[in-house]
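Quick notes on the structure that follows.
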């Protein structure tokens, strides 16, 4: 089986790669994630590719490299990681009883394709609708601490799942790595899945 270098420290992305049965190593990349004024789809692909480019310098030529980035968009506004508890409360109040879009960009460096840059990208979009949340429910959720270090202040795979009314699209995309999209990228580029 080919090896993948994950250019991210995300524990959720690591869990998903393990779930897929893939062999990988982790090499988080510190890149400037400021917005360049592009569309959300182009922006998230650009940031994912930036992580791959940063990792490429030290990774050698025979490794597949995966970069990923995820945005939450509601009413044309980006929701990043909350700065503090008050910011998380504000985000959850906006999400409650509303639908938002989770957009993940993937960039994959393919060994042996150096003349074209060797990077292919993809985007996955998922619509998530929250149920109504009372102020007490929001405070209870904030007390769990799950809002920390995660876009839009919630982790769908943990306690926040009880507030999700519906999902249209990829569940794993909401965790930061759409399995079917990523698998399609690997398969179409002849990734060796054999052990």
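Residue numbers (my numbering): 87 to 281. All residues carry an ideal CB built from backbone N, CA and C; glycine is no exception. Since the structure is predicted, the reported quantities are computational estimates derived from the model, not experimental observations.
Checklist entry - Between residue 265 and the rest of its own chain, which residues show a CB-CB distance below 8 angstroms, the 5 nearest in sequence each way excluded? => result 102, 105, 106, 256, 258
Next on the checklist: What would DSSP say about residue 155, mapped onto helix, strand or coil?
Outcome noted: strand
Checklist entry - Looking only at its own chain, which residues have a Cβ that is under 6 angstroms from the Cβ of residue 111, when we skip the five neighbours before and after it? => result Here residue 111 has 91 as same chain residues with Cβ atoms under 6 angstroms from its own Cβ, once five neighbours each way along the sequence are excluded.
Checklist entry - Which one of 177, 275, 129 has the shortest CA to CA distance from residue 233? => result A check of alpha carbon separations from residue 233 across 177, 275, 129 identifies 177 as the nearest.
Checklist entry - Considering only C-alpha positions, which residue in the set 235, 215, 132 is nearest to residue 98? => result 235
Item to check | Integer Cβ distance of residue 137 from residue 115, believed to fall under 8 angstroms | outcome: Yes, they are in contact, since the Cβ atoms of residue 137 and residue 115 sit about 4 angstroms apart, within 8 angstroms.
Checklist entry - How would you write the range of the alpha helix (DSSP H) that residue 266 sits in, first residue to last? => result 265 to 274
Item to check | Cβ shell of residue 119 (< 7 angstroms), same chain only, five flanking positions each side left out | outcome: 133
Checklist entry - So, residue 151 versus residue 237, is the Cβ gap smaller than 7 angstroms? => result no
Item to check | Distance CB(residue 267)-CB(residue 193) smaller than 7 angstroms | outcome: no
Checklist entry - Buried or exposed: where does residue 183 fall if 16 or more other Cβ atoms within 10 Å of its Cβ makes it buried? => result exposed
Checklist entry - So, helix, strand or coil for residue 143, using DSSP? => result Under the three-state reduction of DSSP, residue 143 is assigned to helix.
Checklist entry - Measuring CB to CB, does residue 117 end up less than 7 angstroms from residue 188? => result With respect to the 7 angstroms criterion, residue 117 and residue 188 are not classified as neighbours on the basis of their beta carbons.
Checklist entry - Relative to the alpha-carbon of residue 140, which residue among 127, 128, 154 has its alpha-carbon at the smallest distance? => result 154
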